[in-house]
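Heads up: the sequence shown at position 181 corresponds to 180 in numbering that gives the first Met the number 0, and the numbers run straight through without jumps.
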Amino acid sequence: MEKLMYYISPDQDDISQINDFNLTIKTDFDDFDFAKNMMSPIEKNKVDTGYELIWKFDNSISGKDIGIVIPNKLNPGEIVSRVTFFAPISLLFFLIFLLVLAIVLETTIHPMHYFFLAATFFSFHLMFSYFSDHLNIYITFIIASLVSLALTITYLRTFTQPKLAYFYAPLTQFIYLVIFSYSFFFKGMTGLIVTICAVITLFILMQITAKVDWERVFNKNKL
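See the structure below:
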C-alpha cells in the first residue's frame with residue numbers, strides 16, 4: 000500500500016492554526032482508505048472514475064495532517080510466477096489425497112493414470128501463464144480452472160467410479176489447485192491459507208483412513 004500525505008504541521012506533535020485552507024483530491028479508484036490519525040475530508044463525492052475528497056477550513060486549529068492510503072495495483076506477472084513456482088506443492092497435496100481416496104474407495108489407479116492427471120493439473124498453469132498476457136487475469140484464471148477441471152473429470156470417468164470422477168476428485172482439485180492458486184492474489188495471506196489447507200488435509204486424511212486395514216492393503220499390492 001502507498002500513502003499520499005499532506006503535512007499541515009511541521010511536526011506530528013505540533014498543533015497548527017489553519018486559515019483559508021482548501022484541498023481537493025480526485026481519485027481514479029474507489030478502494031482507498033484514510034491513513035491512521037489523519038483528518039477525514041469534509042466532503043466525499045462520488046464521480047465517474049472514483050471519488051472527490053475535499054478538506055476545507057476557514058479558521059481551525061489541528062494537530063493532524065491529511066493522508067489517504069492508495070491500494071497497490073495487481074501485478075499479473077508477479078502472481079503468475081508465484082503460482083507457477085509453487086505448483087509442485089499443490090500437485091503433491093492433490094496426488095496424495097487422490098491416492099488415499101483410491102485406497103479407501105478400493106479403486107485401482109495406475110501410475111500412468113497419475114502421470115496424465117498431473118498433466119491435466121499443470122495444464123492450468125500453462126494456460127494461466129500464457130493467456131494472462133492477452134486476457135484479463137481474472138478471466139484467464141477462470142478459463143484455466145474450468146479447462147483443467149474438465150480434463151480431469153472426463154479422464155477419470157473412463158476408468159474409475161462415478162463418485163470419484165464427478166465429485167471427490169474435482170472437489171480435491173478445486174481446493175488444491177483453484178483455491179491454492181487464488182490465494183496468491185492476496186499478498187501476505189498465501190502462507191496462512193496454505194497452512195490452513197495443510198492442517199485440514201491432515202485431519203481429513205486421518206479421519207478417512209483411521210479404519211483402513213493397511214496390512215490387507217499392502218499385502219494385496221504384493222500379490
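For every residue, glycine included, the Cβ atom is placed at its ideal position computed from N, Cα and C.
Can you give me the Cβ contacts of LEU104 inside the same chain, cut-off strictly under 7 angstroms, excluding the 5 residues immediately before and after it? GLN160, LEU163
Which first and last residues belong to the alpha helix (DSSP H) in which TYR137 is found? 136-155
Taking the Cβ atom as the reference point for each residue, do LYS2 and ILE69 lie within a distance shorter than 8 angstroms? yes
Could you tell me whether the Cβ atoms of ILE78 and ILE138 are closer together than 8 angstroms? no
Is it true that the CB of SER147 sits closer than 8 angstroms to the CB of LEU176? yes
What separation, rounded to the nearest whole angstrom, lies between the Cα atoms of PHE173 and ALA34? 38 angstroms
According to the Cβ coordinates, are ILE192 and SER182 closer than 8 angstroms? yes
Between the Cα of PHE184 and the Cα atoms of VAL82, GLU214, THR106, which residue gives the shortest distance? VAL82
Taking the runs of the beta strand (DSSP E) that are 3 residues or longer, which of them lie wholly in the region 3-76? 15-25, 42-45, 50-61, 65-69
Looking at ILE67: is its Cβ nearer than 8 angstroms to the Cβ of PHE31? yes
Hey, how far is the Cα of PHE84 from the Cα of ARG156? 30 angstroms
Where does MET188 sit, in a helix, a strand or coil, going by DSSP? coil
Determine the extent of the alpha helix (DSSP H) in which PHE93 is found, giving its start and end residues. 86-103
Taking only three categories from DSSP, how would you classify GLN206? helix
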